Amino acid sequence: MGQILEKFQGEDWKERQIREITDRVFNRVNNDSDRASLTFEELYIAVLLVFNDINKRLPGPHFDPPTKEQVKTLILETDMNLDGEIDRDEFADFILLMTRDIFATVSRGLMITLVAAPSLALLTKRTTENVPGVGKVVQKIPNSVYASLVTLVLVALQQSAEKA
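Everything in the sequence shown is counted per full-length UniProt numbering, starting at 1 for the first residue and increasing by one.
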């Protein structure tokens with residue numbers, strides 16, 4: 001899906017979107033306009049804000065933010081000028097490095113739900129053909145409607161399992 005979006009939106013569409021998000025969070029946390037970087041405390045607040053948005057907006061399980069020790073380790077990997085603070089460009093790299101696994105997990109879950117569920121629905125529709133009473137009703141439902149219904153049921157089951 002991302003490859004299709006890149007064809008229509010340009011190759012750097014994803015980077016632009018991530019940059020807009022990181023700039024917004026950076027500006028929100030960095031109240032001191034004289035400094036162009038974040039201290040460790042400000043950076044950790046920014047991390048908590050990013051994870052709050054991720055957990056509110058992305059489907060899937062709840063993602064815990066990294067610990068302060070993990071953030072300190074990531075700072076060492078992304079602080080290019082070695083000043084102990086993270087500037088705007090380093091912050092974008094920091095967020096990308098920190099959230100890489102999260103987006104892979106969410107993408108995998110979406111692919112399973114959006115690709116496997118309709119395929120499973122069409123397979124189950126064919127198996128119900130010989131069931132007395134149910135088969136005739138199911139066969140009258142258009143494939144697209146039946147696939148959508150089964151997908152919605154699977155998504156609801158998946159969400160209820162995550163909440164439990």
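The beta carbon of each residue, even a glycine, is placed where N, CA and C say it ideally should be.
Here the structure is a predicted model, which means the values were calculated and not measured.
Considering just the uninterrupted stretch of the alpha helix (DSSP H) at residue i, what are its terminal residues?
i           : result
residue 141 : It is not in any alpha helix (DSSP H) - residue 141 carries neither H nor E in the DSSP assignment.
residue 118 : 117–127
residue 78  : 68–78
residue 40  : 40–57
Counting C-beta neighbours from all protein chains within 10 Å, is the total for residue i 16 or more, i.e. buried, or is it exposed?
i           : result
residue 116 : exposed
residue 38  : buried
residue 2   : In this prediction, residue 2 has a pLDDT of 49, which is less than 50 and means its spatial position is unreliable; what the coordinates show is noted afterwards. Exposed, by the Cβ-count rule.
residue 67  : exposed
residue 130 : exposed
residue 36  : exposed
residue 124 : exposed
residue 25  : buried
residue 99  : buried
residue 5   : Only weak support exists for where residue 5 lies, its pLDDT of 43 falling under 50; the coordinates are left without a value.
Excluding the 5 residues flanking residue i on each side, which residues of the same chain have their C-beta closer than 7 Å to its C-beta?
i           : result
residue 63  : 51, 54, 55 and 102
residue 121 : 146, 147, 150 and 151
residue 71  : 43, 44 and 47
residue 80  : 90
residue 77  : 97
residue 139 : 129
Looking only at C-alpha atoms, which of the options sits nearest to residue i?
i           : options               : result
residue 27  : 142, 92, 146 and 77   : 92
residue 105 : 86, 154, 142 and 61   : 61
residue 97  : 80, 74 and 83         : 74
residue 84  : 49, 139, 43 and 150   : 43
residue 19  : 57, 90, 134 and 153   : 90
residue 87  : 99, 70, 48 and 40     : 40
residue 21  : 136, 95 and 127       : 95
residue 155 : 144, 133, 114 and 126 : 114
residue 65  : 76, 77 and 49         : 49
residue 118 : 144, 128 and 133      : 144
Only counting the same chain, and skipping five residues up and downstream in sequence, which positions put a Cβ closer than 8 Å to that of residue i?
i          : result
residue 45 : 29
Leaving out five residues on either side along the sequence, give the residues of the same chain with a beta carbon under 6 Å from the beta carbon of residue i.
i          : result
residue 23 : none
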